[in-house]
Amino acid sequence: MKKIILLFFFLGNIWALNLNDIPNTMQNNIDKSLNFLKTQKDKTLVANEIFKLFDDIIDYKLMAKLSLSKNYDKLSKQEQEEFSKAFEQSLKKSFTDKLSLYKDQILKVKNGELKNEKRYFLTTSIVDNGEEKNIIFKFYNNDNNWLIYDVDVLGVSIIQTYRSQFGDILSSEGFNALLQKLKSITIK
1387 MKKIILLFFF LGNIWALNLN DIPNTMQNNI DKSLNFLKTQ KDKTLVANEI FKLFDDIIDY
1447 KLMAKLSLSK NYDKLSKQEQ EEFSKAFEQS LKKSFTDKLS LYKDQILKVK NGELKNEKRY
1507 FLTTSIVDNG EEKNIIFKFY NNDNNWLIYD VDVLGVSIIQ TYRSQFGDIL SSEGFNALLQ
1567 KLKSITIK
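Rendered as structure tokens:
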């Protein structure tokens, strides 16, 4: 029995993203993503290939939870699950829509900073028309598997932006309206 438990522990850690591997893994995934963008015209196909690279290192459920803040814990388990799925689809749709903005920009990993034992920020830069702009991927430690829980694009947190938008909808229209708005956004 101990051997089986150790085998599962070992196998579980094979796919885990270790702290020291974050910069190289991210740069490799970024390079592959940029290659897809350069060689493929179908943006939906490109987006799906990029999602395959990043889905295992993005915690969409935590992002969904953080975007609702204290309101998330007020939901039933079923509502939380439904919201998380709708949030992920909405986030992916937004990303897919923005792929058309790509015009051969260069995206490179600059540096990483361990904020504390549970938080790591990876700064990347994108050079657009000769101007360097930062994108910061925020990771957290989930049992030695580092996962992205937020992204700051040009100094603006995706989670804080969604939290503000969702808060407005929740206070004026309620959770069901928010959920329906998210569900209406689908990837074509």
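Just remember that my numbering sits 1386 ahead of the position in the sequence shown, which is counted from 1. All residues carry an ideal CB built from backbone N, CA and C; glycine is no exception.
Cα-Cα separation between residue i and residue j, rounded to whole angstroms
i       : j       : result
Gln1546 : Lys1451 : 12 angstroms
Val1513 : Ile1544 : 20 angstroms
Leu1392 : Tyr1535 : Low confidence applies here, because Leu1392 scores a pLDDT of 33, under 50, leaving its location unreliable and the question unanswered by this model.
Leu1405 : Tyr1548 : 27 angstroms
Val1432 : Asp1441 : 14 angstroms
Leu1439 : Lys1479 : 16 angstroms
Phe1394 : Gln1466 : Reliability fails at Phe1394, whose pLDDT of 37 lies under 50, so the model's placement of it is uncertain and the value that follows must be treated cautiously. Rounded to the nearest angstrom, the two C-alpha atoms are 29 angstroms apart.
Leu1485 : Phe1507 : 24 angstroms
Tyr1446 : Glu1517 : 30 angstroms
Asn1528 : Asp1407 : 15 angstroms
Leu1423 : Asp1538 : 22 angstroms
Asn1434 : Asp1554 : 31 angstroms
Ile1444 : Phe1437 : 10 angstroms
Simplified DSSP state of residue i, which is helix, strand or coil
i       : result
Ile1545 : helix
Tyr1506 : strand
Ser1511 : strand
Glu1518 : strand
Asp1538 : strand
Asn1562 : helix
Leu1461 : coil
Neighbour-count burial assignment, residue i, 16 or more Cβ in a 10 Å radius
i       : result
Thr1411 : buried
Ser1419 : buried
Ala1563 : exposed
Val1375 : Here the chain comprises residues numbered 1387 to 1574, so residue 1375 is not present and cannot be evaluated.
Gly1498 : buried
Lys1388 : Since pLDDT at Lys1388 reaches only 38, below the 50 mark, its modelled position is unreliable, and no value is offered.
Leu1454 : buried
Ser1550 : exposed
Ser1470 : buried
Leu1500 : exposed
Ser1476 : buried
Ser1558 : exposed
Leu1487 : exposed
Leu1533 : buried
Gln1464 : exposed
N-terminal and C-terminal residue of the alpha helix (DSSP H) that residue i is part of
i       : result
Tyr1446 : Tyr1446 to Leu1454
Lys1424 : Ile1408 to Thr1425
Asp1431 : According to the sequence shown, residue 1431 is Leu rather than Asp. Taken as a continuous stretch (DSSP letters only), the alpha helix (DSSP H) holding Leu1431 covers Lys1429 to Phe1440.
Bounding residues of the beta strand (DSSP E) (the contiguous stretch that carries residue i)
i       : result
Leu1487 : Neither: Leu1487 is in no beta strand (DSSP E) and is coded neither H nor E.
Residue nearest to residue i in terms of C-alpha spacing, selected from the options
i       : options                               : result
Leu1568 : Phe1552, Ser1558 and Asn1414          : Phe1552
Lys1489 : Asn1527, Asn1421 and Glu1435          : Asn1421
Tyr1458 : Ile1408, Ile1571 and Gly1560          : Gly1560
Asn1515 : Ile1492, Lys1427 and Val1537          : Ile1492
Leu1461 : Glu1518, Ala1402 and Leu1556          : Leu1556
Asp1428 : Glu1474, Thr1482, Met1449 and Glu1468 : Thr1482
Gln1413 : Lys1494, Leu1565 and Tyr1526          : Lys1494
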